[in-house]
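Worksheet: one structure, shown below.
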Amino acid sequence: MKLTDTQKRLAEQLLLTVINRESVVEYNELAKRINPPIFQRQVGREIGEISKLCKQLGLPLLSAKVVSRGSGKAGVGFYNLMTQLGIDTKGKPEKELFSQELKKIRECKEWYKLADYLNLDLDLPRPDQNHNSNIDPQTKVDGLKTAPQGPQGINEQLESNIESVFEQELSLEKGVMELAPLPEELVATQAETFIEGAKKQIIVNAYERNPMARHKCIQIHGNKCVICSFDFGAFYGSDFEGKIHVHHIKPLHLIDDTYEVNPEHDLKPVCPNCHMVLHSKQNGIFSIEEVQQMIARSKRN
């Protein structure tokens with residue numbers, strides 16, 4: 068299912084309400100949050116299409132978060148949409164259906180699926196790996212295979228490779244670091260129902276990021292990779308303007324706590340290739356200077 072640019076921007080703002088733990092957002096407010104803003108009467112139709120995609124991806128109906136001004140309740144269109152999508156409401160009153168859907172939205176841990184499908188660069192949490200003692204070490208993770216070792220070893224290796232929540236860039240195959248499939252490759256398979264094999268899930272620790280810190284980093288350092296100067300917009304065209312990874316100089320999984328991030332000194336914009344190289348060091352990460360030296364040596368040779 069393909070969304071329009073306006074629908075994608077609305078979906079991004081709704082996912083930001085999930086990240087920022089906003090309970091609801093009014094139609095007029097949501098209309099103003101996107102760029103360019105739209106007339107609030109357009110919002111209802113557009114968010115209905117977002118919820119249809121959510122249903123397709125097995126997610127709660129995200130449009131339930133959008134409420135009428137002053138009422139704090141979803142519009143009539145939301146309940147009509149539930150009927151249209153074939154959701155069994157079991158004769159429950161609208162107020163109960165609305166509350167139940169908001170609860171599902173709050174408890175859902177898979178919003179990254181919608182972000183991945185729409186190619187939105189948002190720091191949404193992915194599943195947590197606190198209860199995986201019975202996981203088969205040969206289990207595939209969205210097309211990846213872990214190294215054949217005990218569960219504790221699997222935990223340590225996976226946790227050490229989680230820096231970018233938007234992309235799971237690194238995996239372990241017989242102890243060798245390699246590039247993981249991009250999220251959109253898996254989602255496209257799900258959406259078009261081309262099945263290549265059973266997908267099992269390994270749960271991993273996710274570390275919360277502040278999206279405003281990411282935006283501030285890009286504001287300060289720009290959209291080009293600080294290592295190789297790659298510019299997505301210049302290379303691929305205006306549709307890719309502003310696309311870039313943001314690298315934590317000190318990985319959050321090594322801090323193991325909350326801390327005050329400085330977007331100027333702690334975060335740096337890097338392209339996916341350089342980001343992968345940064346995290347390819349055994350028992351640690353390469354510094355930005357080290358990767359720059361690798362490129363310089365390669366050019367000399």
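Residue numbers (this note's numbering): 68 to 368. Just so you know, even glycine gets a beta-carbon here, dropped at the ideal spot from N, CA and C.
9 angstroms Cβ cutoff met for residue i and residue j
i	j	result
S130	G115	yes
K119	L148	yes
I311	P336	yes
K132	S166	no
Y94	Q107	yes
Cβ separation of residue i and residue j, assumed to be a contact under 8 angstroms, to the nearest whole Å
i	j	result
L185	A78	6 angstroms
L189	P278	6 angstroms
F307	F297	The pair is not a contact, with the Cβ atoms about 11 angstroms apart (cut-off 8 angstroms).
Opening and closing residue of the beta strand (DSSP E) in which residue i lies
i	result
L334	L334 to V337
H314	H312 to H315
Rounded straight-line distance, which links the Cα of residue j to that of residue i
i	j	result
C121	L187	15 angstroms
S231	C284	Unreliable positioning characterises S231 in this predicted model, as indicated by a pLDDT of 39, which lies under 50. A coordinate reading is not provided.
W178	L169	14 angstroms
Q151	G144	10 angstroms
K180	P192	10 angstroms
N340	M361	13 angstroms
F353	K162	53 angstroms
S347	V328	23 angstroms
G111	K159	22 angstroms
When the options are compared against residue i, the one with the closest alpha-carbon
i	options	result
E355	H314, I101 and L83	Looking at the sequence shown, residue 355 is not Glu but Ile. Among H314, I101 and L83, the Cα nearest to that of I355 is on H314.
C292	Q359, V328 and Q349	Q359
P330	R281, A363, F297 and I294	R281
M343	I294, G309 and H332	I294
I287	Y303, H332 and E327	H332
R173	T73, S135 and L128	L128
Span of the alpha helix (DSSP H) around residue i
i	result
Q60	The structure shown does not extend to residue 60, since the chain is modelled only from 68 to 368, so the question has no answer here.
V328	From DSSP, V328 is part of no alpha helix (DSSP H); its letter is neither H nor E.
C121	Q107 to Q123
N95	Y94 to R100
V85	D72 to I86
Residue-chain proximity (residue i, chain D), Cβ-Cβ < 9 angstroms
i	result
C175	Note that chain D does not occur in the displayed structure, where there is just one protein chain.
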